[in-house]
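So the sequence shown is residues 73 to 633, counted in the working numbering.
Backbone N, C-alpha and C define an ideal beta-carbon position, used for all residues, glycine too.
Here the structure is a predicted model, which means the values were calculated and not measured.
See structure below.
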Amino acid sequence: MCDKCKYKESDSASQYAANRVSVVTQTIGHIGRWQLEKVALLGFIFVPFSWHVMAYPLLSQEKAYWCSQDPFQGEDIDDACQSVTEDFCHDWDFEEGHGITLQEDFDLVCHNAHLLSLRQIIFFLGMLVGCLVTGYFSDTFGRKASMLALIVVWNSVAFFHLFAHDFRILLVLQFLLAFASNSAWTISWVWIMEVVSGKWKIILGCGTFIYWILGYVSIPIIVWLFPNWRDAWMAMFVPTPFLLLYCFVIPESPVWLLSNGREDEAKVILQTAALKNGRSPISEKRWQKLMQDNDLAATDNDRDFEAGDDTSFSSSSSSTSSSTPSGLVSLVKTPNIRKRSLILFAIWFVCSLTYYGLSLNSGSIGGDINITFTFYGLVELPSIFISILSLLTAGRRIPLILFMLGAGLSCIGAASIPSGYFTGNWPSTALGVMGKFCVSSCFHVLFVYSSEIYATPARNTGVSMCSLFARAGGMIAPFVEQLRVLNPFLPVAVFGCCAIIAAFAASFLPETKNKVLPQTIEESESFGDTDTLWNVLSNFNNESCQSFLEHGEGCSSNDTI
73 MCDKCKYKES DSASQYAANR VSVVTQTIGH IGRWQLEKVA LLGFIFVPFS WHVMAYPLLS
133 QEKAYWCSQD PFQGEDIDDA CQSVTEDFCH DWDFEEGHGI TLQEDFDLVC HNAHLLSLRQ
193 IIFFLGMLVG CLVTGYFSDT FGRKASMLAL IVVWNSVAFF HLFAHDFRIL LVLQFLLAFA
253 SNSAWTISWV WIMEVVSGKW KIILGCGTFI YWILGYVSIP IIVWLFPNWR DAWMAMFVPT
313 PFLLLYCFVI PESPVWLLSN GREDEAKVIL QTAALKNGRS PISEKRWQKL MQDNDLAATD
373 NDRDFEAGDD TSFSSSSSST SSSTPSGLVS LVKTPNIRKR SLILFAIWFV CSLTYYGLSL
433 NSGSIGGDIN ITFTFYGLVE LPSIFISILS LLTAGRRIPL ILFMLGAGLS CIGAASIPSG
493 YFTGNWPSTA LGVMGKFCVS SCFHVLFVYS SEIYATPARN TGVSMCSLFA RAGGMIAPFV
553 EQLRVLNPFL PVAVFGCCAI IAAFAASFLP ETKNKVLPQT IEESESFGDT DTLWNVLSNF
613 NNESCQSFLE HGEGCSSNDT I
């Protein structure tokens, strides 16, 4: 089969899936009590997920230490390491303080200090692998079954953390924990997006992250109540098994059921949802009409595909000019899609690098780590509301550019303030918090923006690749953080410079708000091909000059771009 035929067949399949989504909207509406109840329940998965992703800066706080065979108590950390370079130390003593941390439990000091960064790399590697296989599992076995299976793995691995006394075993468990928890969270988010529509995709897509913030800001309280890291881990593990109750309260995604021909099961779920939402019951006649209409739409698409098949063979020029591959190749095959894909990959990479670089290294910009960590979590709450408001009113491109610029300038500002010049380094902390606010807002915008830029056949692949690059950014963050041995503020400066570069790159993306979004690869290639920020500014400048000329005023040659 020719490439053009494959491409049109992929479009047909994507349109068929879209028709199934419209069945859900027509029967239960854009939003209602049923959707809100399910979203409220599914949101709780964000809480333990945020604990297991974000808790490590407080679970592994540094403490003063010295070699047990060495009389150099009271030396600073560097001197303690230097004093045992020739005769390697196998037993360390730590200052008495607020509980036993990961650093103390596994002797992660001196020659082993880098293992803390390795833990973060392994964790994000697990998330990255999860990104690669989650879509296959959820599409093949269903949203509910896949999510519950992953929650079982998540619970098992989290429990075994309590008995890991070898750091190598802990690293294996970290990989599996990241794989299971991130995959389960992703599937739950997809489920939510499949049962709501319209502006509610933006509102609930961003709003569910309130649960993430709830988990985030509760970490300092848990660590304060349970100073030993294993006790704190147990406290964070206890609520996780309750996620298995989703088996009884969360149904299978009706969109997935319809897409897999299980229409009777989907009807039962949609009937319950319609009644809960106060809508009319779905009569058998209306249901058959909905199924017939959507089957006809799919048949029409197949007929178009067959007609295209004949055309492609009868005209070599048509085959050459119109053939467009689907899937992963489509992201890099044509120039406009390739440019946008590379820009989106870079922005996702930088956004994740900056977000996790700031979050997981809360103490690197000065000030009390517990206070900074708490503010880093709290500031994400206004970022949700500002992001929703921006997406609904100002579009996608301008908010993304402004948020990235804000994150970059805040980080560079924090890195420019000398350490110790202000009490508690409060200006650096404040700027770091502002940077965290901006980069958190970027994430919310990117979730929406990326899904709109790609055409229907390439949307899943495109967003999955963006997510993969985001995980890669999280993996690189520990390497950038190691630059603090040269200067404590150097990692923050690197985050800031990368964010500013990403903001500039975003100016070459097209605006998608209030636009007819591309449904095919060919439409995606031509979509907004001249709609960059620079072209918009150029057209605005030319229109201004034309207006001046019409009113009898001059416009210098330098004013026209």
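- If you draw a straight line from the Cα of phenylalanine 178 to the Cα of tryptophan 301, it is about 11 Å long.
- Residue range 105-114 is occupied by the alpha helix (DSSP H) that includes glutamine 107.
- Residue Pro499 holds the alpha-carbon nearest to the alpha-carbon of glycine 485 among Leu472, Leu474, Arg351 and Pro499.
- Here the segment 343-352 makes contact with the segment 99-106; the two share three or more CB pairs at distances below 8 Å.
- A residue is called buried when at least 16 other Cβ atoms come within 10 angstroms of its Cβ; asparagine 586 does not meet this threshold and is exposed.
- Across the structure, phenylalanine 445 and serine 431 are spaced so that their CA atoms are roughly 7 Å apart.
- Shown here, threonine 97 sits in a helix according to DSSP, grouped into three states.
- Within the same chain, Cβ atoms closer than 7 Å to the Cβ of cysteine 570 are found at Val422, Leu425 and Thr426, the five residues on either side in sequence being excluded.
- About 18 Å separates the Cβ atoms of glycine 287 and valine 505, ruling out a contact at the 8 Å cut-off.
- Burial is judged here by how many other beta carbons sit within 10 angstroms of a residue's own beta carbon; arginine 468 has at least 16 and is buried.
- Within a 10 Å sphere around the beta-carbon of valine 205 sit fewer than 16 other beta-carbons, which makes this residue exposed.
- In this structure, the straight-line span from the alpha carbon of leucine 453 to that of leucine 130 is close to 21 Å.
- For lysine 339, the enclosing alpha helix (DSSP H) has its first and last residue at 335-348.
- Burial is judged here by how many other beta carbons sit within 10 angstroms of a residue's own beta carbon; phenylalanine 599 has at least 16 and is buried.
- Per DSSP, phenylalanine 320 is one residue of the alpha helix (DSSP H) stretching across 318-321.
- Judged by DSSP in its simplified three-state form, alanine 575 adopts helix.
- For threonine 501 and isoleucine 525, the gap between their C-alpha atoms comes out near 36 Å.
- In the three-state reduction of the DSSP assignment, tyrosine 526 falls in the coil class.
- In terms of CA proximity to valine 96, Trp359 leads the group Cys538, Phe561 and Trp359.
- Taking 8 Å as the cut-off, the Cβ atoms of methionine 308 and tryptophan 123 count as close.
- Under the Cβ criterion (8 Å, minimum of three pairs), the segment 267-281 does not count as touching the segment 226-238.
- Around alanine 527, the same chain offers Pro590, Gln591, Thr592, Ile593, Glu595 and Ser596 as residues with beta carbons nearer than 7 Å, after the five sequence neighbours per side are excluded.
- Listed in chain order, the alpha helix (DSSP H) runs fully inside the segment 237-271 are 239-267, counting runs of at least 4 residues.
- Taking the Cα positions, phenylalanine 494 is about 22 Å away from glycine 480.
- Shortest Cα-Cα distance from valine 268 to any of Lys110, Ala549 and Phe541 involves Lys110.
- Here glycine 546 really is in contact with phenylalanine 196; their C-beta atoms are around 4 Å apart, less than 8 Å.
- With respect to the 8 Å criterion, arginine 215 and valine 262 are classified as neighbours on the basis of their beta carbons.
- Contact between alanine 252 and leucine 222 holds: their C-beta atoms lie close to 5 Å from each other, under 8 Å.
- Going by DSSP, valine 588 is part of no alpha helix (DSSP H) at all; its letter is neither H nor E.
- Contact check for leucine 249 against glycine 198 passes: the beta carbons are separated by less than 8 Å.
- For the pair leucine 200 and alanine 544, the CB atoms are nearer than the 8 Å cut-off.
- Inter-residue distance for phenylalanine 247 and isoleucine 194 is about 6 Å (C-alpha atoms, whole angstroms).
- Leaving aside the five residues that flank glutamate 324 on each side, the residues in its chain whose CB is nearer than 6 Å to its CB run, in chain order, Gly214 and Lys216.
- A distance of 8 Å or more separates the beta carbons of leucine 581 and tryptophan 420.
- According to the DSSP assignment, serine 325 belongs to no alpha helix (DSSP H), since it is labelled neither H nor E.
- Between cysteine 278 and isoleucine 117, the C-beta spacing is not below 8 Å.
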